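Enquirer: The structure that follows is given in the form of structure tokens.
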Amino acid sequence: MSLEDDMEELESAEDFLQYFGLEYDQTIVHVNRLHILQRFHDYLDKGGESLPEDEDSKRQVYKSLLARAYADFVDSNAQTEKVFKVFNMPDPQNVFVALSDIKT
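Numbering-wise (UniProt numbering), the sequence shown opens with residue 1 and increments by one.
Printed below as a string of structure tokens:
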């Protein structure tokens, strides 16, 4: 099977980390699994054009990018890393509407 075929079978952050043979702390992964996978995806997107052609080299790049994504959350957290759009949205504004302004 190819690297792409193997990766299609992986479902969780733990699956990816185990597939690439990376050691991890289950507590960190449990809290940040979606953030780690999204960061990994973001790193792949940024370097997508410059990925090596041969599978062994590509596998090493994927492994290092996943290790980097995991490491981002070892000493940090989701709110600090702001991986998802929801963390980059402006604070909600309080809007007051008087009952007298509501018309039926």
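A virtual CB, placed ideally from N, CA and C, is assigned to each residue, including glycine. Nothing here was measured: the structure is a model prediction, and the numbers come from that model.
Would you grab the beta carbon distance between L34 and L65 for me? Rounded to a whole angstrom, and I think it's under 8 Å.
Expert: Sequence index remark: in the sequence shown, residue 34 carries index 34 (1-based). Sequence index remark: in the sequence shown, residue 65 carries index 65 (1-based). Going by Cβ atoms, the distance from L34 to L65 rounds to 17 Å, so no, they are not a contact pair.
Enquirer: Which of the three DSSP states is assigned to D15 in this structure?
Expert: As a first step, residue 15 must be located in the sequence shown, where it is residue number 15. Helix.
Enquirer: According to DSSP, simplified to helix, strand and coil, what is V95?
Expert: Numbered from 1 along the sequence shown, position 95 holds the residue referred to as residue 95. Looking at V95 - three-state DSSP - the assignment turns out to be coil, as it is neither helix nor strand.
Enquirer: Just verifying my parser: in three-state terms, what is the DSSP assignment at D25?
Expert: Here the question's residue 25 lines up with position 25 in the sequence shown. D25: coil per DSSP, three-state reduction.
Enquirer: Quick check on DSSP: helix, strand or coil for D54?
Expert: Working through the sequence shown from its first residue, we reach residue 54 at position 54. Coil, per DSSP.
Enquirer: Pair every Cβ in the stretch 56-64 with every Cβ in the stretch 92-101, then say whether three or more of these pairs are closer than 8 Å.
Expert: With the cut-off at 8 Å, the stretch 56-64 and the stretch 92-101 do not touch.
Enquirer: Is it right to say F16 is buried, meaning 16 or more other beta carbons lie within 10 angstroms of its own, or is it exposed?
Expert: Indexing the sequence shown from 1 puts residue 16 at position 16. Buried, because 16 or more other Cβ atoms sit within 10 Å of the Cβ of F16.
Enquirer: Nearest CA to the CA of S57: which residue from A13, F20, V74 and E8?
Expert: Within the sequence shown, residue 57 is the residue found at index 57, counting from 1. Among A13, F20, V74 and E8, the Cα nearest to that of S57 belongs to F20.
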